[in-house]
Every structure is written in structure tokens, then in C-alpha cells.
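Its first residue numbered 2, the sequence shown is counted upward by one per residue in this note's numbering.
Below is one structure, written out as C-alpha cells; the observations come after it.
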Amino acid sequence: MSSQSLREQVLQIVISRLGATGSPAKKVFRANTDQIPPKDLPCYNVFPGDEDPTVGGDFADRESTERRLDVTVQIVVDAATQKTNNSPDLRGVPLDDSVLDPFYVFAIQQLTGSDGRLGGFVNKADEARHVTVFRPEGRDLIGLEMGFSFEFSTLRGDPTQRG
């Protein structure tokens, strides 16, 4: 029996896909609430959110629990970002939300594109919330927050086994 929950496996797949070949980000963090050093920008920062488990009703499969996991993906870009890999060269470029577009596109393609199921690991993957652009005061940064929702099934009473 695996000791790792399907929830944890979904989060690891999300992080892996955001850091895959072709990613415009230098790094992918998990729930980093510290100030991210400029050397690690641009980056994705993945925050697990609420999980909504639902046991089937009278006529549903009572052996499994349907789960919906919300995940927030934050994108942070620094004005001093130099071109590396697939990230744009932003030196001397005024920061507006257009510099976020390659990160936005890559995240959507990696997490909801193709089969829309994280390679078949989840039952459904969707964008869940509107995108918010933010600019922290006193720093030459711009960022984007995106919400995704992943649905999967586990055995009732065992979140480590597929249902």
C-alpha cells in the first residue's frame, strides 16, 4: 500500500509539468511564502488549496470518494530578468501584463491542454478562477495568479488508492 496520497501525487505532477522542458520559468516552488530572491525569477509558485471530497449518493458508487482539489499557480516576473531558456529578456522593458503571457500560456497548456487530465492521472482538469495581475509596492515585479481545479477519485477511506 502506498503511503502517498493521490492529492500529493497530483501536486507533484503539477509542479513537474510547470518545470518541464520549454518552461519560461527558472524555478517552480511549492507554497513558498518567503520573498523569492531575484536570482530565482521568473518563477512559478504552486499553492495547494481546498479539497472537496464527496461520497456518492444512494445510487452512486459508495466504494469511492470523488475529490476536487483547487490549486493556485502564482507567476512572478522581475524587471531585471535576463533571457534564459524560454523566458523573455526583460532588461529595460517596461513591465506590463504582456510579459506574463508566455507563462500564462505555458501553465494552461501544461495543466489543462492535450487530454485535459494530467496525462490521465485525474478525471478532469480545469481553469477554476479568474486571473489576477499584481504588482507588489516597492518592487519592480509583476505577477499573475491562476486557479486550477483537479478532480480525481480515491477508494473510500483510503486516499492513497484510486477509486
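Think of the CB as a built atom: it goes at the ideal place given N, C-alpha and C, for glycine as much as any other residue.
Under the three-state reduction of DSSP output, residue 16 falls in the helix class. Residue 72 is a Cβ neighbour of residue 47, given a cutoff of 8 Å. Of all C-beta pairs linking the stretch 24-35 to the stretch 118-126, fewer than three are shorter than 8 Å, placing the two stretches out of contact. At a Cβ-Cβ threshold of 8 Å, residue 64 and residue 157 count as neighbours. Between residue 42 and residue 79 a beta carbon distance of about 4 Å is seen, short of the 8 Å cut, so the two are scored as contacting.
DSSP, read as helix, strand or coil, puts residue 24 in coil.
Approximately 5 Å separates the beta-carbon atoms of residue 155 and residue 66; this is inside 8 Å, confirming the contact. Listed in chain order, the beta strand (DSSP E) elements of length 3 or more contained wholly in the stretch 87-143 are 125-135. In the three-state DSSP reduction, residue 7 falls in the helix class (H, G or I). One thing to note: residue 74 has its Cβ within 8 Å of the Cβ of residue 19.
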